[in-house]
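What follows is a single structure, written as structure tokens, with notes after it.
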Amino acid sequence: MAEEIIDKIIDECRKFAVNEIREPSLRADLSSDTDWVVRVWEKSGQLGLPFLPIPEYFDGAACSPLECALILDLLAEECAGIASVYAHHFTACIALLMADDNHQKRFSPDHTDKKGLPVIFSVIFPQESNDNSLWCIKNNDHLIIKGTSQITGGIVLADGFVMFLNDARDLDKLYCLWVDRSAKGVTTGEPLQLPGLKVTTFGRLHFDDAVIAHENIIACGQTAPKMLRAAQSIYYGFIGALAIGAARGAFQKAMKYAKERYQFGKQIVQHQEIQRMLGTMHVNITVGTAAYRQAFEDQRVKFSFVVPEAISAKIFCTDAAIEIAMDAIQIHGGYGYMHEYGIEKIMRDVKMLQLLGGTNPFLEVHQIADNI
Amino acid sequence: MFSTDIKFGLFAAGPDLVATIPALGKLDRYCPAYIRTAEDAQGIARGFARKEMLPKVLEIDEKCSKDPRYFDWNLWKKANDIKLNISPIPEKMGGLGWNALANAALVEELASVCLASASNITFNTFGLLGAMVECRTGVVMKIIHEMVDAQKKGKPLFWSWAITEPSAGTDMEDGRAMATMRPSTRAKKVPGGFTINGRKCFITNGSLAHYVIANIPFDMSVPRESMATFLIPTDTRGFSVGTVERKCGQKASQTAEIVFEDVFVPEENLWEPPGRGLRHTREILSITRGFIGVAGLGLARGALTQAITFASQKKIRDHRLIDEEWVQFIIADLLKRIMTVRHACYNFAIALDTYHLWRMFEAVPIRTSLKILPQNFLLSTSLRALAQRAIIDKAGTFYKNRLVTDETVESFVKHGSAVKVAGTDLAVNVINRVADIVGLEGMSRRHGIEKFFRDAKITQIYEGTNQANRIDLFENEISPLI
Numbered sequence: 011m012a013e014e015i016i017d018k019i020i021d022e023c024r025k026f027a028v029n030e031i032r033e034p035s036l037r038a039d040l041s042s043d044t045d046w047v048v049r050v051w052e053k054s055g056q057l058g059l060p061f062l063p064i065p066e067y068f069d070g071a072a073c074s075p076l077e078c079a080l081i082l083d084l085l086a087e088e089c090a091g092i093a094s095v096y097a098h099h100f101t102a103c104i105a106l107l108m109a110d111d112n113h114q115k116r117f118s119p120d121h122t123d124k125k126g127l128p129v130i131f132s133v134i135f136p137q138e139s140n141d142n143s144l145w146c147i148k149n150n151d152h153l154i155i156k157g158t159s160q161i162t163g164g165i166v167l168a169d170g171f172v173m174f175l176n177d178a179r180d181l182d183k184l185y186c187l188w189v190d191r192s193a194k195g196v197t198t199g200e201p202l203q204l205p206g207l208k209v210t211t212f213g214r215l216h217f218d219d220a221v222i223a224h225e226n227i228i229a230c231g232q233t234a235p236k237m238l239r240a241a242q243s244i245y246y247g248f249i250g251a252l253a254i255g256a257a258r259g260a261f262q263k264a265m266k267y268a269k270e271r272y273q274f275g276k277q278i279v280q281h282q283e284i285q286r287m288l289g290t291m292h293v294n295i296t297v298g299t300a301a302y303r304q305a306f307e308d309q310r311v312k313f314s315f316v317v318p319e320a321i322s323a324k325i326f327c328t329d330a331a332i333e334i335a336m337d338a339i340q341i342h343g344g345y346g347y348m349h350e351y352g353i354e355k356i357m358r359d360v361k362m363l364q365l366l367g368g369t370n371p372f373l374e375v376h377q378i379a380d381n382i
Numbered sequence: 090m091f092s093t094d095i096k097f098g099l100f101a102a103g104p105d106l107v108a109t110i111p112a113l114g115k116l117d118r119y120c121p122a123y124i125r126t127a128e129d130a131q132g133i134a135r136g137f138a139r140k141e142m143l144p145k146v147l148e149i150d151e152k153c154s155k156d157p158r159y160f161d162w163n164l165w166k167k168a169n170d171i172k173l174n175i176s177p178i179p180e181k182m183g184g185l186g187w188n189a190l191a192n193a194a195l196v197e198e199l200a201s202v203c204l205a206s207a208s209n210i211t212f213n214t215f216g217l218l219g220a221m222v223e224c225r226t227g228v229v230m231k232i233i234h235e236m237v238d239a240q241k242k243g244k245p246l247f248w249s250w251a252i253t254e255p256s257a258g259t260d261m262e263d264g265r266a267m268a269t270m271r272p273s274t275r276a277k278k279v280p281g282g283f284t285i286n287g288r289k290c291f292i293t294n295g296s297l298a299h300y301v302i303a304n305i306p307f308d309m310s311v312p313r314e315s316m317a318t319f320l321i322p323t324d325t326r327g328f329s330v331g332t333v334e335r336k337c338g339q340k341a342s343q344t345a346e347i348v349f350e351d352v353f354v355p356e357e358n359l360w361e362p363p364g365r366g367l368r369h370t371r372e373i374l375s376i377t378r379g380f381i382g383v384a385g386l387g388l389a390r391g392a393l394t395q396a397i398t399f400a401s402q403k404k405i406r407d408h409r410l411i412d413e414e415w416v417q418f419i420i421a422d423l424l425k426r427i428m429t430v431r432h433a434c435y436n437f438a439i440a441l442d443t444y445h446l447w448r449m450f451e452a453v454p455i456r457t458s459l460k461i462l463p464q465n466f467l468l469s470t471s472l473r474a475l476a477q478r479a480i481i482d483k484a485g486t487f488y489k490n491r492l493v494t495d496e497t498v499e500s501f502v503k504h505g506s507a508v509k510v511a512g513t514d515l516a517v518n519v520i521n522r523v524a525d526i527v528g529l530e531g532m533s534r535r536h537g538i539e540k541f542f543r544d545a546k547i548t549q550i551y552e553g554t555n556q557a558n559r560i561d562l563f564e565n566e567i568s569p570l571i
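As you go down the protein sequences, you meet chains X and F in turn. Residues 11 to 382 (our numbering) make up the first sequence, in order. Residues 90 to 571 (our numbering) make up the second sequence, in order.
Here it is, written out as structure tokens:
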């Protein structure tokens with residue numbers, strides 16, 4: 011996309027985030043207010059935010075994954091929780107873009123929910139463990155699914171899910187499916203009560219012999235694994251962007267406070283130890299931004315991404331972000347621990363980002379183990 | 090919330106102080122009673138933490154999330170019934186007579202379940218600690234009597250230590266910083282006593298306290314030289330509670346703003362004259378910083394216990410999460426850190442018993458009095474009246490200052506700062522790595538692990554930020570040498 015156009019989109023999104031997300035996000039966090047998310051979603055629909063990655067012939071902005079990541083970054087600066095809703099939605103949208111054209115009809119402007127709001131998508135990746143097993147069996151031209159899915163975001167709000175899972179009879183066979191939340195046999199599990207990203211709501215879907223009709227099988231065979239790798243890579247890249255955005259928000263708050271707070275005879279920003287802490291934050295935000303941008307540099311959407319790079323970006327960005335958030339609280343002293351100052355929320359949100367898509371040590375091990 | 094299958098930490102088969110800190114074996118040989126007291130304390134604290142705290146802490150945290158003023162009086166009462174909140178008071182006078190080592194075990198065990206509830210139970214020793222800085226016999230006796238009387242009647246007697254102000258956190262704890270601080274409180278001499286105006290913030294127990302020990306300057310332009318220490322009953326006219334804070338964690342412990350509007354304090358409640366207030370603060374910190382390190386250690390151990398439990402139960406294909414080598418290496422690394430910090434913490438506690446305030450309880454006059462005087466006389470109003478006579482009142486101060494000098498206090502500020510930073514950095518580090526083991530599923534509320542995450546961060550901030558503690562460490566240890 012032309013630079014001046016994307017700059018304008020970024021600018022509009024930033025204004026939206028400051029005006030619509032900044033102030034209410036703290037109150038919404040206190041009560042895990044998903045109704046607030048719906049209100050923001052509706053308003054953002056007028057701006058075109060949910061349609062950013064969607065093709066122009068569906069009235070979308072046709073933003074690249076990198077451009078979506080830049081916007082997620084600035085949304086997360088105001089609230090990582092609501093930005094995470096968009097991140098899950100964008101991942102699902104971009105996965106759908108890799109499918110055949112007839113699956114992209116879900117992007118149609120007519121495709122709204124019962125209240126006329128743009129539909130919210132999310133994405134479900136395959137199971138890692140077998141204590142909540144999920145499997146599907148092909149029956150003629152449709153699939154029957156039974157079991158419980160992996161944890162995903164937007165479990166309460168999403169209207170539909172792009173889901174990847176293995177065939178029970180042939181574990182090497184992977185499907186990519188569209189799952190409508192209101193389909194028969196599909197129920198939402200109890201959301202996890204997490205300390206951060208509270209408005210995203212995370213949980214599992216339960217399937218009780220749910221039938222997935224042929225038209226909702228998005229891909230199988232060779233295409234599904236490629237789509238999975240690409241979707242996972244985008245997801246990890248998005249998490250990195252969210253983390254850096256949240257961290258940038260924490261850094262700016264810490265910088266502002268340090269310039270105002272007087273202790274030990276001067277503004278605390280004059281103390282070298284505070285300068286060191288802020289300096290380290292700045293380094294990590296700079297490097298983290300470069301890391302997640304690098305993960306999206308190769309924009310061959312229809313081919314497999316270099317997955318290890320995106321995982322590395324996620325690991326670096328989220329590890330850096332939690333240190334930044336904690337140091338931002340430290341700079342604020344006692345004020346940093348109180349809810350009304352908004353810093354401790356960033357720490358809680360970033361901690362959850364660190365755990366999305368698998369914990370970082372797990373990913374570090376498996377990005378090697380799965381490639382040897 | 091917790092499983093009892095794994096015999097580690099809180100769920101160990103029995104008291105294991107000597108088993109887990111082998112150096113205590115030498116002390117066990119030469120002063121077995123000292124070690125027995127500490128192991129008994131550990132056993133009692135563990136039992137209380139398992140039976141009374143564990144089933145309730147998540148529910149209490151949830152209720153405090155909705156209402157920061159919620160307080161679980163049932164849990165407090167159970168602690169009161171077994172005297173955990175007056176543990177250092179000599180046994181013959183109605184307490185448990187627990188030394189610093191025993192109190193360290195108490196704090197570690199309670200904190201391994203919930204640091205906030207541990208604070209609610211143990212914080213009230215601040216009353217005794219605050220009085221023992223100057224150690225006027227009459228004042229100490231009065232406070233001991235009040236605490237013991239309240240315990241017997243099952244009535245709460247809460248204390249707060251009010252030093253932090255809106256514009257002064259670190260500035261209230263360091264001499265150089267205090268010289269330039271911008272106070273929000275002021276004391277003024279009036280006939281019969283003093284009046285106090287202003288506000289303090291982030292005060293633990295501020296909304297529950299019956300007594301506040303507050304550091305207030307007389308002259309806001311020279312705060313350090315005019316800083317004094319007052320004892321203020323909170324039913325005094327003009328005292329009020331402002332906001333009770335909504336915090337990230339440690340929700341069960343109430344943190345409040347307190348306001349003074351022409352609060353009158355009589356002469357006898359001036360605990361430290363102008364210029365000695367900082368000294369009072371430093372002496373309290375020289376004890377309490379180390380105990381915050383112990384609390385951090387407890388939290389870290391509790392978090393690790395939960396991680397081991399979760400990982401032992403979580404299945405991955407044909408094995409458990411804990412069977413994964415990367416998990417085992419993280420656990421081993423955390424165990425190493427916990428073990429080494431634990432040695433430091435208990436070393437500090439034994440040092441307190443050897444060189445600091447607890448020496449008073451071992452001093453010949455005190456030990457002899459406790460041995461030969463009957464209990465009803467020790468708790469009598471006539472003994473209290475006798476103690477308040479000038480010569481005896483001052484004798485306490487004189488004796489205590491001989492045992493615990495300014496050099497001792499600053500030495501313990503140094504050691505306490507090191508232990509505080511070690512224990513609290515450990516708490517934050519351990520819970521962050523525990524989250525790496527248990528993942529998103531394990532951080533769901535019901536497992537109790539996310540509560541440790543929310544509780545841990547503040548330990549690096551209160552009792553002196555870890556940055557302020559490092560300044561003290563450098564100033565005390567290195568500055569004199571260079």
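For every residue, glycine included, the Cβ atom is placed at its ideal position computed from N, Cα and C. Predicted model only: the values in this text are computed from it and were never measured.
Can you look up residue i in the DSSP assignment and give me helix, strand or coil?
i, result
"X/Ser143", "coil"
"X/Pro128", "strand"
"F/Cys290", "strand"
"X/Phe313", "Residue confidence is low: X/Phe313 scores 43 on pLDDT, short of 50, so the model does not pin down where it sits. No coordinate-derived value is stated."
"X/His216", "strand"
"F/Glu148", "helix"
"F/His299", "coil"
"X/Met439", "Any answer about residue 439 of chain X is impossible in this case: the structure gives chain X only from 11 up to 382."
"X/Met291", "helix"
"F/Cys120", "coil"
"F/Pro306", "strand"
"X/Leu85", "helix"
"X/Ile227", "strand"
Using a Cβ-Cβ distance cut-off of 9 Å, determine whether residue i contacts chain A.
i, result
"F/Val502", "No chain A is present in this structure, whose protein chains are X and F."
Along chain X, in chain order, which residues have C-beta atoms closer than 8 Å to that of residue i?
i, result
"F/Ala220", "Correct list: empty, because the minimum Cβ distance to chain X is about 26 Å."
"F/Lys145", "Per Cβ cutoff of 8 Å: no residues; F/Lys145 is ~17 Å from chain X at best."
"F/Met532", "Leu202, Leu204, Pro205, Lys361, Met362 and Leu365"
Excluding five sequence neighbours on each side, which residues of the same chain lie with their C-beta closer than 8 Å to the C-beta of residue i?
i, result
"F/Ile110", "Arg431, His432 and Tyr435"
Against chain F, with Cβ distances strictly below 9 Å, would residue i count as a contact?
i, result
"X/His349", "yes"
"X/Ala97", "no"
Listing by chain order, which chain F residues have their CB less than 8 Å from the CB of residue i?
i, result
"X/Leu366", "Leu529"
Kindly list, in the order they appear in chain F, the residues whose Cβ is closer than 7 Å to that of residue i.
i, result
"X/Phe261", "In chain order: nothing, as chain F lies at least about 17 Å away."
"X/Glu319", "The contacting residues do not exist; X/Glu319 stays about 21 Å from chain F at best."
Got a sec? Which residues, its chain only, sit under 7 Å from residue i by beta carbon, not counting five neighbours each side?
i, result
"F/Arg135", "Leu99 and Glu198"
"X/Lys312", "Unreliable positioning characterises X/Lys312 in this predicted model, as indicated by a pLDDT of 43, which lies under 50. A coordinate reading is not provided."
"F/Ala507", "Leu562"
"F/Leu113", "Leu106, Val107 and Ile124"
Against residue i, what residues of chain X qualify as contacts under a CB-to-CB distance less than 7 Å, listed in chain order?
i, result
"F/Thr554", "Gln340 and Gly343"
Checking contacts by CB at 9 Å: is residue i closer than that to chain X?
i, result
"F/Val517", "yes"
"F/Phe542", "yes"
Going by beta carbon distance, what residues of the same chain come within less than 6 Å of residue i, once the five residues before and after it are set aside?
i, result
"F/Arg390", "Gly98, Ser201 and Ile427"
"X/Ala86", "Ala93, Leu252, Gly255 and Ala256"
Going along chain X in order, which residues have a C-beta closer than 9 Å to the C-beta of residue i?
i, result
"F/Asp260", "Tyr272, Gln273, Phe274 and Gly275"
In chain order, each alpha helix (DSSP H) run of at least 4 residues that lies wholly inside the region 411 to 480 of chain F
414 to 444, 448 to 451, 453 to 461, 464 to 467 and 470 to 476
Could I get the ranges of all uninterrupted beta strand (DSSP E) runs contained in the region 167 to 216 of chain F, with 3 residues as the minimum, in chain order?
none
At 3 residues or longer, what runs of the beta strand (DSSP E) sit wholly inside the region 324 to 377 of chain F?
328 to 333, 344 to 355 and 359 to 361
If we require 3 or more residues per run, which beta strand (DSSP E) segments fall completely within the region 234 to 270 of chain F?
248 to 251
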